[in-house]
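In the numbering used here, the protein residues as written are 1 to 87. Quick reminder that beta carbons are idealized off the backbone N, C-alpha and C, glycines included. All values reported here derive from a predicted model rather than from experimental measurement.
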């Protein structure tokens with residue numbers, strides 16, 4: 001059974017894109033990443049789930065965390081077991 005995909009819509013003015021000097025696509029991509037990083041930082045999601053939300057693979061997401069001063073090594077017991085199983 002395919003996984004259900006949900007869609008989040010956030011209204012924002014065109015002025016925001018102008019002030020950030022970003023395209024709509026790059027802003028949407030960055031917003032997804034920022035949401036994923038924050039949820040990971042708060043301990044609400046694993047690196048795997050956060051990576052999926054950000055639209056990238058887990059390894060790339062783990063390297064991206066350094067950009068925000070975060071470490072992917074703060075793994076919980078379940079994530080450690082999963083990592084060992086996948087190694």
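Cβ contact (3+ pairs, closer than 8 angstroms) linking the stretch 53-70 and the stretch 27-38: Counting Cβ pairs under 8 angstroms, three or more are found: they touch.
Residue interval of the alpha helix (DSSP H) (run including residue 14): Indexing the chain shown from 1 puts residue 14 at position 14. Per DSSP, residue 14 is one residue of the alpha helix (DSSP H) stretching across 14-20.
Residue 6 in three-state terms, based on DSSP: Counting from 1 along the chain shown, the entry for residue 6 is found at position 6. When DSSP states are grouped into helix, strand and coil, residue 6 belongs to the coil group.
Where residue 70 falls: helix, strand or coil (DSSP): In the chain shown, counting from the first residue as 1, residue 70 sits at position 70. Correct three-state label for residue 70: coil.
Own chain, CB closer than 6 angstroms to residue 40, minus 5 neighbours either side, in chain order: The count along the chain shown starts at 1 and reaches residue 40 at position 40. Excluding sequence neighbours, residue 40 sits near 50.
Residue 44 (DSSP reduced to helix, strand or coil): Within the chain shown, the letter at position 44 stands for residue 44. In the three-state reduction of the DSSP assignment, residue 44 falls in the coil class, being assigned neither a helical nor a strand state.
Host alpha helix (DSSP H) of residue 62 (start-end): Within the chain shown, residue 62 is the residue found at index 62, counting from 1. Residues 58-64.
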